[in-house]
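Protein chains in written order, with our numbering: chain U, 181 to 475; chain R, 181 to 475.
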């Protein structure tokens, strides 16, 4: 595994491989790797000839007062894991935002709800850094985890909008045996908090089932249901929203392909998770509208 | 000359050429070509193996009420000129902003003064479309004209910030024999207005000389001098500003490498032009500060 620290060095290495016919897969990370990251690497390894990963704790995506300074880091361990996973090139950019840096990439609408409402500037930071990483790595495939669902939708939209020649591959959330979604931030949990944490996913799953069975039909009801299921735990809900799966648009009553996404505070950690939900279509309209478009 | 209409077709053609070792030059235009555009093509032709041009009247860079609908077009003539100039690939994107398009690329600060103050959203439209064009054409060199000086500075900054693997080449403004900067919008001028138009460049040149000789030292004075020199003509000054050459930052008194840039209305046309100015350094400070940084 070769470690590169400048965009131009990475770009040269990638272009050399491409000239030789290699398909390039890219896995961007902020390090402190867990099995969710490694699943992305495995997918890239399976589908591509050259696997590029990056480790960069991107200051641009942390709002003031967030955990940038104390974001967990363990580079020697990350290197070991990536080597073992057979990564070819590791990009650890240095001076990635030089003096006078002034460019921002933003995606309207998709970034406004869910986490975007509570982390001002976060997704602009994500879109900007990923544009830079893609410009350097020029991959054929970009591997993202479904745990960061809103991020994945925003980057998918951005890639399409900017016609970046890369295919976005979204891999399933990797979970601990008890259901907790893997996250570098889980390290912030005390053992007691860690024992409570799986309730978060359970609350989402249970609410998703109620939506799917038609028992919960209202958007507000879905939010309340998640909240209710976290009562009595040390978790404080920041948001829970059932939105359309692709556009992350509000919909009420709940119908069609949705995502139920939420964030909770638990001790020093802020955890996010989401589940796919297929809400029942509305009752069939009368014959007159039989072939009309149903909303 | 091959004409391509989708980003992916262009990208495939370019990558094929690159695999064969070609250096790729790219000239983005809005069509209705004049010798300024063709000078960019000639520069690309001299320095590159594969020359890609684009014609796209980018709706995103026109503010409401601007001349998008009546922007001059003559595709058959453009094709003839580009063929004659030995362009290899011409990109004429179709459906470049599909339904739901939501991504914007912006460059802070540099886009706020000069034209940016009077054309809200203009430079965001430019940065966004050029990011898309560069993603499709993946050129080694991007050729821009100095006439659109602020645009060239913004795109240079954007390319550096996003570490796009392309070198920006800025070519001199091409002028008519009487000094008028070539522009597709000159076609809006009546013969009488056309006869007045060279006074614009003359006013900038004359003011630049006064700055260089030290007769004009104040930023406000420079603006007033350009305005004074247009009095009695049918031109109405929109702005004239002497700014630092690279950052387009205000500076007063005027010292060092500057650009004097201005916009005027003349009949139905809005014309822009600019000249480089080297203003005298301030008088040498006493010995104590001799080696200090002079502002």
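Glycine is no exception: its CB is placed at the ideal position from the N, C-alpha and C atoms.
query                                                                                                                                                                                            : result
With a threshold of 8 Å between beta carbons, is residue 288 of chain U in contact with chain R?                                                                                                 : yes
Ignoring anything shorter than 3 residues, give me the beta strand (DSSP E) runs that lie fully in the segment 247–323 of chain U, in order along the chain.                                     : 269–271 and 283–287
For chain U, find out if any of its Cβ atoms is closer than 8 Å to the Cβ of residue 247 of chain R; answer yes or no.                                                                           : no
Using the Cβ count rule (16 or more neighbours within 10 Å means buried), how would you classify residue 450 of chain U?                                                                         : buried
Leaving aside the five residues before and after residue 432 of chain R along the sequence, list all residues of the same chain whose C-beta is less than 7 Å from its C-beta, in chain order.   : 398 and 399
Tell me where the beta strand (DSSP E) around residue 434 of chain U begins and ends.                                                                                                            : It is not in any beta strand (DSSP E) - residue 434 of chain U carries neither H nor E in the DSSP assignment.
Using a Cβ-Cβ cut-off of 6 Å (strictly less than) and excluding sequence neighbours within five positions of residue 182 of chain U, which residues of its own chain qualify?                    : 269
Cα separation between residue 235 of chain U and residue 325 of chain U?                                                                                                                         : 15 Å
Label residue 196 of chain R either buried or exposed according to how many other C-beta atoms from any shown protein chain fall within 10 Å of its C-beta, with 16 as the threshold for buried. : exposed
Please identify, using Cβ separations under 8 Å, the residues of the segment 257–270 of chain R that lie next to chain U, in order along the chain.                                              : none
In the segment 331–394 of chain R, which residue ranges form an unbroken alpha helix (DSSP H) of at least 4 residues, counting only runs that do not cross its ends?                             : 371–376 and 378–392
Taking residue 266 of chain R and residue 232 of chain R to be in contact with their CB atoms under 8 Å, please state how far apart those CB atoms are, rounded to whole angstroms.              : In fact, because the Cβ distance is near 12 Å, the residues do not count as touching under 8 Å.
Got a sec, what are the start and stop residues for the beta strand (DSSP E) residue 209 of chain R sits in?                                                                                     : 204–209
According to DSSP, residue 420 of chain R sits in a beta bridge with which residue or residues?                                                                                                  : R/442
For chain U, find out if any of its Cβ atoms is closer than 8 Å to the Cβ of residue 335 of chain R; answer yes or no.                                                                           : no
Check the Cβ-Cβ distances between residue 234 of chain U and every residue of chain R, and say whether any is below 8 Å.                                                                         : no
For residue 373 of chain R, collect the residues of the same chain with a Cβ closer than 8 Å to its Cβ; drop the 5 residues on either side in sequence, then sort them by chain order.           : 414, 446, 447 and 449
Can you tell me the Cα-Cα spacing of residue 300 of chain U and residue 417 of chain U, whole angstroms?                                                                                         : 18 Å
Does the beta-carbon of residue 198 of chain R have 16 or more other beta-carbons within 10 angstroms, so that it is buried, or is it exposed?                                                   : buried
Nearest to residue 463 of chain R by alpha carbon, out of R/317, R/384 and R/435?                                                                                                                : R/435
I'd like the span of the alpha helix (DSSP H) that includes residue 184 of chain R, first residue to last.                                                                                       : Here residue 184 of chain R belongs to no alpha helix (DSSP H); instead the beta strand (DSSP E) covers 182–184.
Tell me, please, whether the segment 377–397 of chain U touches the segment 337–347 of chain U by the rule of three or more beta-carbon pairs shorter than 8 Å.                                  : no
So, does the segment 200–207 of chain R touch the segment 311–322 of chain R, judging by three or more C-beta pairs under 8 Å?                                                                   : yes
Measuring CB to CB, does residue 247 of chain R end up less than 8 Å from residue 354 of chain R?                                                                                                : no
So residue 422 of chain R and residue 457 of chain R are supposed to be a Cβ contact under 8 Å. How far apart are they, rounded?                                                                 : 6 Å
For a cutoff of 8 Å on Cβ pairs, would you count residue 311 of chain U as touching chain R?                                                                                                     : yes
Name the residues in the segment 336–358 of chain R whose C-beta lies less than 7 Å from a C-beta of chain U; which are they?                                                                    : 337, 338, 341, 342, 343, 344 and 345
Please determine, among U/278, U/262, U/298 and U/275, the residue with the shortest C-alpha to C-alpha distance to residue 245 of chain U.                                                      : U/298
Can you check which of these residues, R/242, R/278, R/186 and R/218, is closest to residue 257 of chain R by C-alpha distance?                                                                  : R/218
Ignore the nearest five residues each way along the sequence and tell me which others in residue 460 of chain R's own chain have a CB closer than 6 Å to its CB.                                 : 394
Please list the partners that residue 379 of chain R has in chain U, where partner means a Cβ-to-Cβ separation under 9 Å.                                                                        : Within 9 Å Cβ-Cβ: nothing; residue 379 of chain R doesn't reach chain U, min ~35 Å.
Since residue 425 of chain U meets chain C, which of its residues come closer than 9 Å, beta carbon to beta carbon?                                                                              : The question asks about chain C, but that chain is absent: this structure's protein chains are U and R.
Which chain U residues sit within Cβ distance under 8 Å of residue 439 of chain R?                                                                                                               : Residues of chain U passing the Cβ test: none, with the nearest at roughly 17 Å.
How should residue 475 of chain R be labelled, buried or exposed, when 16 other C-beta atoms within 10 angstroms of its C-beta is the threshold for buried?                                      : Low per-residue confidence applies at residue 475 of chain R: pLDDT is 41, beneath 50, and the placement is therefore not dependable, though the value from the model is reported in the following sentence. Residue 475 of chain R should be labelled exposed.
How many whole angstroms separate the CB atoms of residue 277 of chain U and residue 335 of chain U, which I take to be in contact at a CB cut-off of 8 Å?                                       : So it is not a contact: roughly 19 Å between Cβ atoms.
Taking only beta carbons into account, state which residues of the segment 275–286 of chain U come closer than 9 Å to chain R, listed in chain order.                                            : 276, 277, 278, 280, 281, 282, 283, 284, 285 and 286
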